[in-house]
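The sequence shown begins at 1 in my numbering and counts up by one.
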Amino acid sequence: LLALVHGETIESHFVPTRPFRVNAGSIHSYVLMSDNSTKYLSELKAGDEVSVISSSGGVRKCIIGRLKIERRPFLIIRFKTKNEDVGQIILQQAETVRLIDKYGNALSVTELKINDEIMIRQQNQMRHIGKPLEGEMDEK
1 LLALVHGETI ESHFVPTRPF RVNAGSIHSY VLMSDNSTKY LSELKAGDEV
51 SVISSSGGVR KCIIGRLKIE RRPFLIIRFK TKNEDVGQII LQQAETVRLI
101 DKYGNALSVT ELKINDEIMI RQQNQMRHIG KPLEGEMDEK
C-alpha cells in the first residue's frame, strides 16, 4: 500500500511554494519508480525516474534533481482499506506535508483526524527487491 503524498505546491505562510519538492518521509518508505518497481527513499539518487500520480489516477514520469535527508519530527499515519488491509507511512510533522483525501484534495498531516479517508495505491502482488512476485505477504 502506497499513500499519495502531495508536492509542496500550495501557498503557505510557513514557507514559499516549491513545486519541485515532495517531502517524502522516512528513508525506509517506498517510492513508485517510473518502471512500476519500487525503491526505498534511501536508495534514490539524482537522475532516477519516479512516477508522479495525480488524484485522478494519471501517471507521468519525473526525474529527480537532488535529494536531501534531514532529521525532523515525524508522525506515523496508519490507515486501513475497505478490505481491512493495513498500512502506514511516516511523514514529517509539518503543516506543508500533505496527503490526498478521497475527493482529491490535499490534507495536511497536522490536521488529519481518525476516520479521514486518504488515497492509496494498492497492488495485490507482494514485492521483493522492488519487483512484483507471486505469493502472499503480511507486512507490519
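We treat Cβ as the ideally placed atom computed from N, Cα and C, and that holds for glycine.
Bear in mind that the values here come from a model prediction, so they are computed numbers and not experimental data.
Check residue i in the structure and name its three-state DSSP category.
i	result
Thr142	Past the edges of the chain, shown from 1 to 140, lies residue 142, and the structure says nothing about it.
Glu111	helix
Glu8	strand
State the start and end residues of the unbroken beta strand (DSSP E) segment that holds residue i.
i	result
Val52	49-53
Val31	30-32
Please look up how many angstroms separate the CB atoms of residue i and residue j, rounded, as I've assumed it's under 8 Å.
i	j	result
Arg121	Leu32	7 Å
Gly87	Leu4	Contact doesn't hold; Cβ gap of about 12 Å is too wide.
Phe74	Leu91	7 Å
Ser34	Glu49	4 Å
Ile118	Ile69	The Cβ separation is near 24 Å, so there is no contact.
Scan the segment 55-107 and note each continuous beta strand (DSSP E) run of 3 residues or more that stays entirely inside, going in chain order.
Complete beta strand (DSSP E) runs here, min 3: 59-63, 74-80, 86-92, 98-100.
For this session: Inspect the CB distances between the segment 80-98 and the segment 56-66 and report whether three or more fall short of 8 Å.
Result: Result no; under three Cβ-Cβ pairs closer than 8 Å.
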